[in-house]
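J.:
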Amino acid sequence: MIIDLSKLDYLVERLKKKGVSEPEARKAVYGFFNAAIEVLEEGEELPLLGSEFWYKKSRKNYSYLS
740 MIIDLSKLDY
750 LVERLKKKGV
760 SEPEARKAVY
770 GFFNAAIEVL
780 EEGEELPLLG
790 SEFWYKKSRK
800 NYSYLS
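Per the numbering used here, the very first residue in the sequence shown carries number 740; after that it's consecutive.
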């Protein structure tokens, strides 16, 4: 699997425009993708966005991602 890091940086920049600090924005974006990769490596399907799974995985509700 190849992930274009410029796309992740784009998401970080979007969060920064909403007033999120860069460290927190990176934590949210990279944390989300790390959780997704873990699920895929286990051979499972990704849960729907906004489900309790993502809330528990992130340990913080990053509702400003939407």
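Heads up, the beta-carbon is just placed ideally off N, CA and C, and yes, glycines get one too.
Being a predicted model, the structure only gives us computed values, none of them experimental.
(1) Specify the secondary structure class of residue 752 as computed by DSSP and reduced to three states.
(2) Assuming residue 757 is part of the alpha helix (DSSP H), what are its boundary residues?
(3) Report yes if the CB atom of residue 754 is closer than 9 Å to the CB atom of residue 772, and no otherwise.
(4) Determine the DSSP secondary structure at residue 786, reduced to helix, strand or coil.
(5) Checking 9 Å against the spacing of the C-beta atoms, do residue 775 and residue 787 come in under that value?
T.: In brief:
(1) In the structure shown, the three-state DSSP call for residue 752 is helix.
(2) First-last for residue 757: undefined, no H or E at that position.
(3) Taking 9 Å as the cut-off, the beta carbon of residue 754 is found no closer than this to the beta carbon of residue 772.
(4) Three-state result, residue 786: coil.
(5) No; because the gap between Cβ atoms is not below 9 Å, this pair is not in contact.
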